[in-house]
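Have a look at the structure below before the remarks.
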């Protein structure tokens, strides 16, 4: 059985890996934060609530969801491990979106003021935070471009690739209705697209997850 020192060391190593920063910076961040494991579908902060915390995703995913005045829920982004999300600034502010875990998610919760202090004191950490935000900005721009330029089916294919990541596995398997909402199309369109991919052997379902068997073929269908 692992002792507390081993678990702490594992957490620090996970932070350094997620943020691509030095162990020194990871140790400082760990000392300021609170690690936790959240189950699926836990809302870290609700749209409209004031936030004064950040969450570093160590494992799992967190969805950024916006609820429209008409009651329509849209997934704006899905944040993977390495993303630092929440509020960054000197004063708490109302969140423009909800942050909800997708699958079992390992997180480090850190106060906004603590993030700012560490960034001012440690240039390596400040660079890691800048890289994290730059990566997130690029991902959001890619999704915006896809919504403008791709067909509905193409958006579904692109979203599956995004959700699967480098391992080409989506776990748990996506819910068709939620997938459709995330790319602004109908459930029927999403269902037909997935069925077609399964029929062609590009994806397969197994043990509650979805595996992309031919990433290259799926990439070619992003049109």
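Numbering (the UniProt record's numbering), first residue to last: 1 to 223.
Idealized CB from N, CA, C, for every residue including glycine.
The structure presented is a predicted model; accordingly, all values stated were derived computationally and were not measured.
Beta-carbon proximity check, residue i vs residue j, cutoff 8 Å
| i | j | result |
| --- | --- | --- |
| residue 110 | residue 53 | yes |
| residue 92 | residue 51 | yes |
| residue 107 | residue 56 | yes |
| residue 150 | residue 222 | yes |
| residue 204 | residue 213 | yes |
| residue 35 | residue 104 | no |
| residue 74 | residue 176 | no |
| residue 63 | residue 100 | yes |
| residue 164 | residue 156 | no |
| residue 61 | residue 87 | no |
| residue 43 | residue 162 | no |
| residue 20 | residue 131 | yes |
| residue 59 | residue 81 | yes |
| residue 296 | residue 209 | Given that the chain is displayed from residue 1 to residue 223, the structure contains no residue 296 and the question cannot be resolved. |
| residue 83 | residue 47 | no |
| residue 217 | residue 202 | yes |
Where residue i falls: helix, strand or coil (DSSP)
| i | result |
| --- | --- |
| residue 193 | helix |
| residue 214 | coil |
| residue 219 | helix |
| residue 186 | coil |
| residue 29 | helix |
| residue 24 | helix |
| residue 11 | helix |
| residue 199 | helix |
Beta bridge counterpart(s) of residue i as assigned by DSSP
| i | result |
| --- | --- |
| residue 53 | 111 |
| residue 206 | 209 |
| residue 34 | 109 |
The ligand PLP heavy atom lying under 7 Å from the CB of residue i
| i | result |
| --- | --- |
| residue 190 | Among the ligands in the structure shown, none appear at all, so the ligand PLP cannot be discussed. |
Residue i at chain C interface by Cβ criterion, 8 Å
| i | result |
| --- | --- |
| residue 150 | No chain C appears in the structure shown, which is made up of a single protein chain. |
Review point. For the 8 Å Cβ check, are there 3 or more pairs between the segment 95-102 and the segment 16-35?
Key: no
Point to revise | Stretch-stretch touch, CB-based, cutoff 8 Å, three pairs: the segment 8-17 with the segment 61-77 | key: no
Check your understanding: Should the segment 117-132 be called in touch with the segment 177-192, which here means at least 3 C-beta pairs below 8 Å?
Key -> no
**Study point:** Completely contained beta strand (DSSP E) runs for the segment 40-105, where each covers 3 or more residues
**Key:** Taking only runs of at least 3 residues, the beta strand (DSSP E) segments lying wholly in the segment 40-105 are 43-45, 53-67, 73-79 and 84-86.
Check your understanding: Residue ranges of each alpha helix (DSSP H) run of no fewer than 4 residues wholly in the segment 113-184, ordered along the chain?
Key -> If we require 4 residues or more, the alpha helix (DSSP H) runs fully inside the segment 113-184 come out as 123-149, 152-164 and 176-182.
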